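Counting from 304, one number per residue, gives the positions in the sequence shown under this note's numbering. From the three backbone atoms N, C-alpha and C, an ideal C-beta is built for every residue, glycine too. Since we're looking at a predicted model, the values are computed, not measured.
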Amino acid sequence: MPLFVPATDRTALRRALADPDAWLVACFCAAWCNTCTEYQPKLQALSEARPQHVYVWIDIEDEPDLLGDEDVENFPTLLIQAGDRVLFYGPMLPHIGHLERMLDNLDPGGPAVGTQLPNVAELLRQA
Numbered sequence: 304m305p306l307f308v309p310a311t312d313r314t315a316l317r318r319a320l321a322d323p324d325a326w327l328v329a330c331f332c333a334a335w336c337n338t339c340t341e342y343q344p345k346l347q348a349l350s351e352a353r354p355q356h357v358y359v360w361i362d363i364e365d366e367p368d369l370l371g372d373e374d375v376e377n378f379p380t381l382l383i384q385a386g387d388r389v390l391f392y393g394p395m396l397p398h399i400g401h402l403e404r405m406l407d408n409l410d411p412g413g414p415a416v417g418t419q420l421p422n423v424a425e426l427l428r429q430a
């Protein structure tokens, strides 16, 4: 079942993130960002095409604690997390094909990306 939820739907997130094999694909956005507004339905469609991942739309102004000490300067900024390992974190051009290729090529056993983010998946599970 595809899951594309705002970060505020904690019940659905806890249930989906309980699967140890689920990757968190989080898009950090802002309500005022026109690029994000255009990207959101594309990410939602991707969640339907690739339901093995958990897709979360996080408005940075509503959920600043999910960023910890990280700053988001460009939108969309994406986080891909497998378990407690960050596989990707950074801005991405708003072309959904770029994210599709990244999801196809990321190695969950590869090196983790260092960030100042808290463990976003864990925070979403606990909230």
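What are the uninterrupted segments assigned as alpha helix (DSSP H) that are 4 or more residues long and contained completely in the segment 362 to 403, given in chain order? Listed in chain order, there is nothing to give.
So, helix, strand or coil for P319, using DSSP? According to the sequence provided, residue 319 is Ala. The question's Pro does not apply to it. Helix, per DSSP.
Name the DSSP bridge partner or partners of Y342? Answer by DSSP bridge pairing: none, since Y342 is not bridged.
By the three-class DSSP mapping on this structure, what secondary structure does V423 have? Judged by DSSP in its simplified three-state form, V423 adopts helix.
In the DSSP assignment, what residue or residues form a beta bridge with L409? Answer is none; L409 lacks a bridge partner.
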